[in-house]
Ligand SMILES: Cc1cc2nc3c(=O)[nH]c(=O)nc-3n(C[C@H](O)[C@H](O)[C@H](O)COP(=O)(O)O)c2cc1C
Ligand code: SF4
């Protein structure tokens, strides 16, 4: 059998030099006259080990990483094609602690299989869920998803089954499934990883959603900053169509479902579901007032399921293994697993899928290994640019929607960004207001005007101009934005601002000029 070498084609790995490594491996194979198959797999998500090259040996896969192009010659000299020892030797990938401790349900195949091989997908449990779904009634599929406890992974945590039931129960001549792959939150990359590393999982999840609700057409709205994900998804859709996974007779059944990939134009607000629908319709992405809900009147005025990539990609495993299996993981009303994306100033950045319920401290200190700079952790922003900053004092908070809400925070898309003690939280608060001002769609006053006023107030505070007055003003402004904004961009910007102010008050009281001069 010819050797198989796995070199990730995932854009995270590419950014760390995977393409140069692949080139060096190809050159070395040619020079040594060795025939081998190079598979461009996705990433397993341990980015501190990327580019992580694996070889399939008689004793299973052996990983090496992080591999530099200059390592390639010596890897061959050490017999890496049969798992030989080398300074980059990591052993079996699933024994690497960062990977071994995870519970991989949604990401089970990511980094393992060839992303564009449908045979590989099927050999690893792919299409079992869809096969089950085509034999069920739509109502039973919806029941299964509802009973699994799956909640939207895009940010709001809304129960997926209830959303699907609303669309199922709304009659119309045409219905749509829209996948939200705008992934604009800072520190998040789970959607991208799945689309590049296991695209059929998303296609399967969308096809199941279509059959469950009576929708025959799907759109995947991918942010323009993800050209690799766009390319992989487009190829995967074509392959799925040719194989009869998509089309007029899904897996030979009487159900029809097809989909297209659409590319966004680079606005954070187009991740908000109604702005996304406007953008898909070819308009400027602006938030729509609700009601009507997209489930009643969505894309082109038709009932529409709009779900995040991870929500949809989690459905196949639910339909394969059953609602009870999935629901068994997690805590409280947060059921199943969540792919936590650990980023920022952290020693071990990457994607860590685990059942809900780990504490924030475990995630940051144990899994993430603390800061990359080695300095103490000062704050962790959870849930993207609209998420709250958590101080160490709140590290006992379990990763669970309700537990985070109880501490005035949110899980959002489960991205966490770590900051060390050199972070200036007043600057971070100003950044949140500035971000909101830049990204505001302009439809409502609290967000459009409030965010700009917020930047001005925080600038005055930084200059120590009547600080108590500015603090009172920004608190009042945040209250207005929180309760008066039409969507969560203006409505949640107060979370990072107020959490920074409440948990790190010293940063909001700059040293008096006289003292600083001493
Ligand atoms: C400003 C803003 C940006 C958002 N960006 C995204 C995004 O990039 N991806 C996403 O899935 N949801 C995003 N959301 C949430 C969506 O509006 C919506 O809740 C989600 O797509 C529903 O899917 P889910 O139920 O599967 O989470 C955003 C919301 C707001 C207010
Ligand atoms: S809160 Fe901001 S982004 Fe949302 S509708 Fe209002 S102006 Fe637009």
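In the working numbering, the protein residues as written are -12 to 505.
In this text, a Cβ means the ideal position worked out from N, Cα and C, and glycines have one as well.
With respect to the alpha helix (DSSP H) encompassing residue i, which residues constitute its N-terminal and C-terminal limits?
i, result
"residue 441", "432 to 449"
"residue 466", "454 to 471"
"residue 156", "147 to 156"
"residue 423", "412 to 426"
"residue 509", "There is simply no residue 509 to check, as the chain begins at -12 and stops at 505 in what is shown."
"residue 8", "5 to 19"
"residue 265", "260 to 267"
"residue 228", "214 to 229"
"residue 242", "Per DSSP, residue 242 belongs to no alpha helix (DSSP H) and is neither H nor E."
"residue 482", "481 to 490"
"residue 181", "177 to 184"
"residue -2", "-2 to 2"
If you draw a straight line from the C-alpha of residue i to the C-alpha of residue j, how long is it?
i, j, result
"residue 316", "residue 299", "18 Å"
"residue 464", "residue 481", "9 Å"
"residue 248", "residue 145", "24 Å"
"residue 306", "residue 322", "15 Å"
"residue 24", "residue 290", "46 Å"
"residue 34", "residue 95", "17 Å"
"residue 326", "residue 406", "20 Å"
"residue -7", "residue 459", "57 Å"
"residue 441", "residue 282", "35 Å"
"residue 4", "residue 107", "26 Å"
"residue 461", "residue 437", "10 Å"
"residue 361", "residue 339", "21 Å"
"residue 472", "residue 439", "14 Å"
"residue 137", "residue 223", "25 Å"
"residue 42", "residue -2", "20 Å"
"residue 65", "residue 177", "34 Å"
"residue 197", "residue 182", "19 Å"
"residue 387", "residue 371", "16 Å"
"residue 447", "residue 457", "7 Å"
"residue 444", "residue 391", "28 Å"
"residue 253", "residue 169", "9 Å"
"residue 337", "residue 194", "29 Å"
"residue 435", "residue 477", "8 Å"
"residue 424", "residue 432", "11 Å"
"residue 538", "residue 124", "A question about residue 538 goes unanswered here, because the residues of the chain that appear run from -12 up to 505."
"residue 365", "residue 408", "5 Å"
"residue 503", "residue 488", "Residue placement at residue 503 is poorly supported in this model, since its pLDDT is 47, which falls under 50; the coordinates still yield a value, given next. Roughly 21 Å separates the two Cα atoms."
"residue 357", "residue 332", "8 Å"
"residue 301", "residue 394", "27 Å"
"residue 171", "residue 213", "11 Å"
"residue 148", "residue 200", "10 Å"
"residue 202", "residue 129", "13 Å"
"residue 103", "residue 186", "8 Å"
Pop quiz: residue i and residue j are said to be a contact at Cβ under 8 Å. What is the actual Cβ separation, rounded to whole angstroms?
i, j, result
"residue 206", "residue 246", "7 Å"
"residue 421", "residue 255", "About 13 Å separates the two Cβ atoms, so there is no contact after all."
"residue -9", "residue 26", "6 Å"
"residue 261", "residue 271", "Actually they do not touch by this definition, with Cβ atoms about 13 Å apart."
"residue 263", "residue 119", "Actually they do not touch by this definition, with Cβ atoms about 30 Å apart."
"residue 242", "residue 121", "6 Å"
From which residue to which residue does the beta strand (DSSP E) around residue i run?
i, result
"residue 208", "204 to 209"
"residue 245", "245 to 250"
"residue 234", "Where residue 234 is concerned, there is no enclosing beta strand (DSSP E), given that its DSSP letter is neither H nor E."
"residue 346", "Where residue 346 is concerned, there is no enclosing beta strand (DSSP E), given that its DSSP letter is neither H nor E."
"residue 125", "Segment 125 to 135 is the alpha helix (DSSP H) holding residue 125; no beta strand (DSSP E) there."
"residue 332", "Unbroken run through residue 332: none, as it is neither H nor E."
"residue 402", "402 to 407"
"residue 159", "Looking at the DSSP string, residue 159 is not in any beta strand (DSSP E), and its letter there is neither H nor E."
"residue 291", "291 to 295"
"residue 121", "No beta strand (DSSP E) holds residue 121; the alpha helix (DSSP H) holding it covers 115 to 121."
"residue 496", "Counting along the chain, residue 496 falls outside any beta strand (DSSP E), and DSSP gives it neither H nor E."
"residue -7", "-9 to -7"
Verify the CB distance criterion: does residue i have a CB-CB separation below 8 Å to chain E?
i, result
"residue 330", "You won't find chain E in this structure, because it holds only one protein chain."
Within the segment 32 to 113, ranges of the alpha helix (DSSP H) (whole runs, at least 4 residues)
59 to 64, 84 to 87 and 105 to 110
Unbroken stretches of the alpha helix (DSSP H), 4 residues or longer, contained in the segment 350 to 397
Counting whole runs of 4 or more residues, the segment 350 to 397 contains the alpha helix (DSSP H) stretches 388 to 393.
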